[in-house]
Every structure is written in structure tokens, then in C-alpha cells.
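Okay, so here's the structure we're looking at.
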Amino acid sequence: MARPEVTALPYWPREQVREHAEWADPLRNFPSPDEQGRMMMEMVQGTLKKRDRGEALNRMERTLMVGSNNHADRIPTYSFFTDGPANYYGYTCRQVEQDPELHAEVVERWTDEFGFEALGEGIDTMNSEIEAMGLIRMKFPDNAPADVKIRLMDDMNDEEALGFWEEAAEKFNPLTDGRLPRRIDLYGHLVERLTRQRGWPVMAAPSATFAQTINAIGFKRAFNWMRRKPENFHRAISAQNRANIKWFKALKSLGITFFISIDAWNAVPNFRPQHLYEFEKPYVKELIAAVAPTPVIYFYWGLRLAGEPGENGRGGWVEFLERSAATGTFVVTNLAPDYYTPPADDLKLFRETANRLGVSYIVGVKDEVMLSGTPKEIRAEVKSVVKQLYPCNGGCVIVPNMIPMGTPAENIHAWVQALKDYGTYPIDWERLNSDD
Numbered sequence: 000m001a002r003p004e005v006t007a008l009p010y011w012p013r014e015q016v017r018e019h020a021e022w023a024d025p026l027r028n029f030p031s032p033d034e035q036g037r038m039m040m041e042m043v044q045g046t047l048k049k050r051d052r053g054e055a056l057n058r059m060e061r062t063l064m065v066g067s068n069n070h071a072d073r074i075p076t077y078s079f080f081t082d083g084p085a086n087y088y089g090y091t092c093r094q095v096e097q098d099p100e101l102h103a104e105v106v107e108r109w110t111d112e113f114g115f116e117a118l119g120e121g122i123d124t125m126n127s128e129i130e131a132m133g134l135i136r137m138k139f140p141d142n143a144p145a146d147v148k149i150r151l152m153d154d155m156n157d158e159e160a161l162g163f164w165e166e167a168a169e170k171f172n173p174l175t176d177g178r179l180p181r182r183i184d185l186y187g188h189l190v191e192r193l194t195r196q197r198g199w200p201v202m203a204a205p206s207a208t209f210a211q212t213i214n215a216i217g218f219k220r221a222f223n224w225m226r227r228k229p230e231n232f233h234r235a236i237s238a239q240n241r242a243n244i245k246w247f248k249a250l251k252s253l254g255i256t257f258f259i260s261i262d263a264w265n266a267v268p269n270f271r272p273q274h275l276y277e278f279e280k281p282y283v284k285e286l287i288a289a290v291a292p293t294p295v296i297y298f299y300w301g302l303r304l305a306g307e308p309g310e311n312g313r314g315g316w317v318e319f320l321e322r323s324a325a326t327g328t329f330v331v332t333n334l335a336p337d338y339y340t341p342p343a344d345d346l347k348l349f350r351e352t353a354n355r356l357g358v359s360y361i362v363g364v365k366d367e368v369m370l371s372g373t374p375k376e377i378r379a380e381v382k383s384v385v386k387q388l389y390p391c392n393g394g395c396v397i398v399p400n401m402i403p404m405g406t407p408a409e410n411i412h413a414w415v416q417a418l419k420d421y422g423t424y425p426i427d428w429e430r431l432n433s434d435d
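Laid out in C-alpha cells, this is it:
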């Protein structure tokens, strides 16, 4: 089906950075997944020996420990996303997006100054892929994620929309289409400057397939399909997943260390966890397998909405974690406001469930603590989370959900220092119970 011509978009043009080219799998000459896995395990074994000798690990080694479901020398931490550091150093997102050298400098400076293991790049992460596919048009504010302004499939009937979507996914080449080549350049510079020159990990942040599928057609149509025409939603998300796999492969080919993809599914009206079980989890599994063994994190907000486990400690949000682990992800998440909101506030059960499933686990601390808390309050929050997760075995990570613009520098330093004080292995239980 021909792409529709949209002429009334003087303020929201579709930007094409490079001329479209046919897609060719950039991983076709990579070692096999088994060979990649073997090389990764050799690095894991070497890092375990270094850890057990009591030596300090570097950023890459801590990340490797988490990716292999082991504890490091201390609990690692990461920050999200680029807008905060860009603003902190006096730039807008658009400025750093258009200057890969400046972007790499900002990420390196932030990581170095505050001591995080890595920063998740986050420019245009919500909709840039479906914009590059020609499914939507966006506006481009200087300092916020781009908003959907036009959905090109809104006036199509279901069959027309699905055919258009499948054709767009088939044609899609993230190495040349839309604004994505700019992000390819950003990541290429990050890998060169951080990984090759300094040995640091680089975290890529492509969008989640489920969220993009909904954004491309809107909540109303998406929910109607899930409820009344499930075969349509399966066709749609299958097409979008094929496109997203291309994007993940393109990013992996650059040498990124691991992926993080975000699904804030609690924002979907009339949502039920069963929607993810039926319509999302099978496609997440397919996507993760396509870039294996590179680790993939799927961040979920809304764990508390999955319900309370039964008397046997199963079902509810525990079942959600089980379903997540079954996709092949190496980690499960419990992010604010979930980790302090019943029934998902049982961090002991959260850690025990992750241990049982053989995956690492992340707790994301609420933004308000970073923005409005004092250094003392931040230390108390970190201490509380570590205490609830004790002994923090099997790949523990604690992160701020995000660091809001305006967060004082002393608060960020207090965060990382608290993890050094309370999260160094072996975790000191007596110190966690002291007034320190």
C-alpha cells in the first residue's frame, strides 16, 4: 500500500537525515550467539576471580556481574536519561542530539563526575522509530520527548492500516531512515569514547514494542483491538516487533554493552496485566532472542497493579515477574511508586523471587527523594532499600527512577556515596541496623 501523502504539516515535517537504503542485517558477520556467550562467560569468570580476591571492580565489570546474575564488589547504579545531564551542563536535548561529540562529552562528564556505572541515552526514545517508519509525525520541542501530532493510520480501515504497517516494517532501515541515523552517530561516538577509550559500558535505550504499537494507533483503537479483534493487535505488534528487532540489531552492531527498554503500561487506560501476558511477552521474548546474548532490561512501571500474591506467595505481581523472566531478560524491576506501594512493597519477596527465577533485580527509588530530599534523607532511603533487599545476592541494582532537572549536585553525590557505604559486599548487616 502506498504511503499516504500528508500535505498540511508545515510545522511537523518528517525529517530524513540520509537517503533510504535497503536493509541488510549488520550482525550477519558477527560470531554466533553461542560463541559470543562463551566469550562473555570467560570475562565473567575472570571478573569473579578479581572480585573474590577483594579487588575493586570497574564500571564494565560491575555491569558484567549484574548481567550474569552475580553480585559485584558493591551494588551498581545507573542514571536515566540524557535530558537531565544536558540541562545540568547548560544545553538542551536538541543541542546535544545534533552534536555527537558534545553528547559523548556530556555523558562522559556526568558519569565521571557523579560515579554512575553508565547513563542511559534518552533522546527521542518514545516515538522516533515509528516516526522513521512513516507511521506518525511528531513535533520537536527543544527539551522534551517528541509528541505525536499526526497518526497517519487514523483515517484507514483496519485492513488498510495493518497492510500499511506491515509494508512499513518490511521497508524500514534504521541505519538510514528518519532521524535514527543521528542516534546511530550518537551511539557510535559513545562506544568509541567510553567503551574503547575508557572501558566503560554503554547503555542503549530503544523504545518498547508494546508502547510503540499503542502510540502508532492511539489508546482507543489499540484497546478495541485487544478486546474485540485480538488478531489485529497481534498482526500490528508482530509487524512493529520486526521493525524494532532491526533497530536493536543496528545498535548492537555498534558495540553497545546492554539495552534498556521502557514500558510504562500503567498509563494505558483500561489496562490489565493479562494484556501483557497475551500481547507483549511473546514478542519481548522474540526480540531478546534476536540480540542474544547481549543483556536486555525491560523496565516496567505498574507492578503494584498486577495484584497481590496468594497465601503461597505466587500469583499477582509475583506471577508478573515470572512471566517477565520467561522472556529471557536477565533482570526484573520494581520501580517507584511500586516498591513502596502495597502490594508490591515487599522487597524481601521481590529479591527472593528474583533469586528463585535466576535473574538479577532492580529497585528504582522515587524521583522526589533526589529532587527535594536532603543528603541525609537520601542516605536513609538507600539504607532502607538495601536493608530490605539484604543480603542483596544474585545481581542487585539500585537506581534513581530518574534524576529530575534541578536536583542539587550534593544529592547526587550523596546517592552514590550511600551505595558505597551501605552496598559494599559483603553487606554489613550491623551497619544497616545502626544509627549511621
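So the sequence shown is numbered by numbering that gives the first Met the number 0: it starts at 0 and just counts up by one.
Positions of the beta carbon are idealized from the N, C-alpha and C atoms, including for glycine.
Where in the segment 211 to 257 do unbroken runs of the alpha helix (DSSP H), each at least 4 residues long, occur, reported from the N-terminal end onward?
218 to 227, 229 to 252
Quick check on ALA204: does DSSP put it in helix, strand or coil?
Here residue 204 refers to the residue found at position 205 of the sequence shown. Residue state, collapsed to three classes: coil.
What does the alpha-carbon distance come out to for the pair GLU354 and LYS365?
To locate residue 354, count along the sequence shown from 1; it is residue 355. To locate residue 365, count along the sequence shown from 1; it is residue 366. Checking the displayed sequence, the identity of residue 354 turns out to be Asn instead of Glu. Taking the straight line from one Cα to the other gives about 24 Å.
Beta-carbon proximity of PHE319 to ALA305, cut-off 8 Å
Against the sequence shown, residue 319 aligns to sequence position 320. Against the sequence shown, residue 305 aligns to sequence position 306. Yes.
Spatial neighbours of VAL385 in its chain, beta-carbon cut-off 6 Å, leaving aside the 5 residues before and after
Within the sequence shown, numbered from 1, the residue matching residue 385 stands at position 386. These residues qualify, in order along the chain: TYR421, GLY422.
What do you get for GLN211, buried or exposed, if any count of 16 or more other CB atoms within 10 angstroms of its CB means buried?
For the purposes of this step, residue 211 is taken as residue 212 along the sequence shown, with counting starting at 1. It is buried - the Cβ of GLN211 has at least 16 other Cβ atoms within 10 Å.
Roughly how many whole angstroms lie between the Cα atoms of GLY327 and THR62?
Position 328 of the sequence shown, counted from the start, is the residue given in the question as residue 327. Position 63 of the sequence shown, counted from the start, is the residue given in the question as residue 62. So the alpha carbons of these two residues sit roughly 18 Å apart.
Per DSSP, the bridge partner or partners of MET39:
Counting from one through the sequence shown, the residue named residue 39 turns up at place 40. None; MET39 has no bridge partner.
Pairs of beta-carbons, one from the segment 42 to 60 and one from the segment 397 to 407, closer than 8 Å: are there three or more?
no
Terminal residues of the alpha helix (DSSP H) in which LEU334 lies:
Here residue 334 corresponds to residue number 335 of the sequence shown, with the count starting at 1. Segment 330 to 334 is the beta strand (DSSP E) holding LEU334; no alpha helix (DSSP H) there.
Output yes if chain B places a C-beta closer than 8 Å to the C-beta of ASN231; else output no.
Absence of chain B from the displayed structure is noted, only one protein chain being present.
Which full runs of the alpha helix (DSSP H) of 4+ residues lie inside the segment 125 to 202, going along the chain?
127 to 131, 157 to 170, 179 to 189
Any idea if LYS248 is buried or exposed, counting beta-carbon neighbours within 10 angstroms, 16 or more meaning buried?
Reading the sequence shown from its first residue, position 249 is the one you call residue 248. The residue is buried, with at least 16 neighbouring Cβ atoms inside 10 Å.
GLU380 to ALA167 span [Cα, whole Å]:
For this step, residue 380 is matched to residue 381 along the sequence shown. For this step, residue 167 is matched to residue 168 along the sequence shown. Looking at the two C-alpha atoms, the distance is approximately 47 Å.
Classify ASN142 as buried or exposed, calling it buried when 16 or more other Cβ atoms lie within 10 Å of its own Cβ.
Taking the sequence shown and counting its residues from 1, one reaches residue 142 at position 143. Because ASN142 carries a pLDDT of 48, less than 50, the predicted location of this residue cannot be relied on, and no value is offered for it.
What are the boundary residues of the beta strand (DSSP E) that includes GLY83?
Residue 83 sits at position 84 when you count from the first residue of the sequence shown. Not the beta strand (DSSP E): GLY83 falls in the alpha helix (DSSP H), residues 82 to 87.
With the cut-off set at 8 Å, would you say VAL283 and TYR299 are in Cβ contact?
Within the sequence shown, residue 283 is the residue found at index 284, counting from 1. Within the sequence shown, residue 299 is the residue found at index 300, counting from 1. Taking 8 Å as the Cβ cut-off, VAL283 and TYR299 do not qualify as a contacting pair.
Using 8 Å for Cβ pairs, my map puts PRO200 next to GLU116. What's the rounded Cβ distance?
Residue 200 sits at position 201 when you count from the first residue of the sequence shown. Residue 116 sits at position 117 when you count from the first residue of the sequence shown. Contact flag correct, Cβ pair sits at about 6 Å.
So what does DSSP say about CYS395, is it helix, strand or coil?
Here residue 395 refers to the residue found at position 396 of the sequence shown. Correct three-state label for CYS395: strand.
Cross-strand partners of ILE411 (DSSP beta bridge):
In the sequence shown, the residue the question calls residue 411 occupies position 412. DSSP lists no partner for ILE411.
Is the separation between the beta-carbon of VAL106 and that of LEU189 shorter than 8 Å?
For the purposes of this step, residue 106 is taken as residue 107 along the sequence shown, with counting starting at 1. For the purposes of this step, residue 189 is taken as residue 190 along the sequence shown, with counting starting at 1. Yes, the pair counts as a contact, with Cβ atoms nearer than the cut-off.
Skipping 5 residues on each side, what residues in its chain have a beta carbon closer than 7 Å to that of PRO390?
Against the sequence shown, residue 390 aligns to sequence position 391. Around PRO390: ILE426.
Three-state secondary structure (DSSP) at TYR424?
By one-based count along the sequence shown, residue 424 stands at place 425. In the structure shown, TYR424 sits in coil (DSSP, three-state: anything other than H, G, I, E or B).
Rounded C-alpha distance that separates GLY83 from GLU165:
Residue mapping note: residue 83 aligns to position 84 of the sequence shown, counting from 1. Residue mapping note: residue 165 aligns to position 166 of the sequence shown, counting from 1. Looking at the two C-alpha atoms, the distance is approximately 36 Å.
Write down every uninterrupted run of the alpha helix (DSSP H) in the segment 322 to 387 whose length is 4 residues or greater and which is fully enclosed by it, in chain order.
346 to 356, 366 to 371
Looking only at DSSP bridge pairs, what is VAL295 linked to?
If you number the sequence shown from 1, residue 295 lands on position 296. In the DSSP output, where bridge partners are listed per residue, VAL295 has PHE258.
For SER433, which residues does DSSP report across the bridge?
Within the sequence shown, numbered from 1, the residue matching residue 433 stands at position 434. The partner list for SER433 (beta bridge, DSSP) is empty, contrary to what the question assumes.
Is it buried or exposed for GLU158, if we count other Cβ within 10 angstroms and need 16 for buried?
Indexing the sequence shown from 1 puts residue 158 at position 159. Exposed.
Tell me whether ARG52 sits in a helix, a strand or coil according to DSSP, three-state version.
As a working mapping, residue 52 is identified with position 53 in the sequence shown. In this structure, ARG52 counts as coil in the three-state DSSP scheme.
Starting from the C-beta of PRO292, find all residues in its chain whose C-beta is less than 7 Å away, skip the five residues before and the five after it, and write them out in chain order.
In the sequence shown, residue 292 corresponds to position 293, counting from 1. Cβ within range, chain order: PRO32, GLN35, GLY36, MET39.
Tell me whether the beta-carbon of ARG378 lies closer than 8 Å to the beta-carbon of ALA408.
The sequence position of residue 378 within the sequence shown is 379, counting from 1. The sequence position of residue 408 within the sequence shown is 409, counting from 1. Not in contact: ARG378 and ALA408 (Cβ atoms no closer than 8 Å).
Which of the three DSSP states is assigned to ARG108 in this structure?
Within the sequence shown, numbered from 1, the residue matching residue 108 stands at position 109. Helix.
Could you tell me which of SER359, ASN172, LEU418, VAL290 sits nearest to ALA20, measuring between CA atoms?
On the sequence shown, residue 20 is found 21 positions in, with the first residue counted as 1. Taking only the C-alpha atoms, the option nearest ALA20 is ASN172.
CA nearest to the CA of GLU112, picked from ALA160, PHE80, ILE411:
The residue given as residue 112 occupies position 113 in the sequence shown. The option with the nearest alpha carbon to GLU112 is ILE411.
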